[in-house]
């Protein structure tokens, strides 16, 4: 939805172009929280305005691409681990794509892409994540380190709630 | 984490974790990509102004699971949550096999008097 998209002409070529991405839950999070109910039923993109469900006083993080006209956002931190709200502690293993020799100008960056399915990790970080996931699933995970590869667990997702797998998260 | 997980109906059902391998021989695969499933947890507002000045504001999606958080809160570092399971095997002092140490193995809950086991390390 770039500035040159024809949609902006249809909308009268506004000087400030606004759109949002407001998705509902589609992979049924009852496996992580048995009484989970989605707040909204449909996924929408609002063009020319933002959803009224979100207001400026809500907690938010605002940032811009690292270069004008670019699509990459600079990352200062990206990790996989867990936060313990009760103990007020956290532990995250670094998964940031820091290797400038391997990644060049793409090092320490992220991008938002609706045309990609899940979370894409470059090879070094993917392998590290695969090892970490194996640890927290007691070896039940299998990750394919190859094109289109991802990870699978041998049982259905609800089977891993009791071991606390869904308490793990990504922090950036 | 649950943002990127989904049950698969194939082969009796398994849990797919869509953390996906990026082949860094390709430039677009050298960055960390937050794809469509990410937006189940995070609501995004885009603003394009001027020639190509883009800003993005991320909020906790109202559909998100309770532990989803947008903010700057930082807690003290706790103990590692990636502990490697360890099993301590004491050698059996009364026997060995070709000079290699042996171990006693006990299994509870089995009433078969003629039981034997394969141990796969």
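Protein chains in written order, with this note's numbering: chain D, 166 to 337; chain U, 48 to 168. Glycine included, each C-beta is placed from N, C-alpha and C at the ideal position. Since this is a predicted model, take the numbers as computed values, not measurements.
At the C-beta level, residue 254/D and residue 124/U come within 8 angstroms of one another.
By the criterion of a C-beta distance shorter than 6 angstroms, residue 336/D is surrounded in its chain by 244, 257, once the five residues flanking it on both sides are discounted. Listed in chain order, the beta strand (DSSP E) elements of length 3 or more contained wholly in the region 57 to 139 of chain U are 61 to 64, 66 to 69, 79 to 81, 89 to 96, 100 to 107. When the five nearest sequence neighbours on each side are left out, the beta carbons in the same chain lying within less than 7 angstroms of the beta carbon of residue 148/U are those of 138, in order along the chain.
In this structure the region 82 to 99 of chain U touches the region 260 to 279 of chain D; the number of beta carbon pairs closer than 8 angstroms is three or more. Residue pairing from DSSP places residue 52/U in a beta bridge opposite 64/U. Less than 8 angstroms separates the beta-carbon of residue 49/U from that of residue 331/D. For residue 284/D against residue 51/U, the beta-carbon gap comes to about 5 angstroms, under 8 angstroms, which counts as contact. Using a CB distance cut-off of 8 angstroms, residue 160/U does not count as an interface residue toward chain D. At least one C-beta of chain U is nearer than 8 angstroms to the C-beta of residue 255/D.
When DSSP states are grouped into helix, strand and coil, residue 219/D belongs to the coil group. Residues of chain U whose Cβ lies closer than 8 angstroms to the Cβ of residue 207/D do not exist, since the nearest Cβ in that chain is about 11 angstroms away. Ranked by Cα distance from residue 230/D, the first of 160/U, 74/U, 104/U is 104/U.
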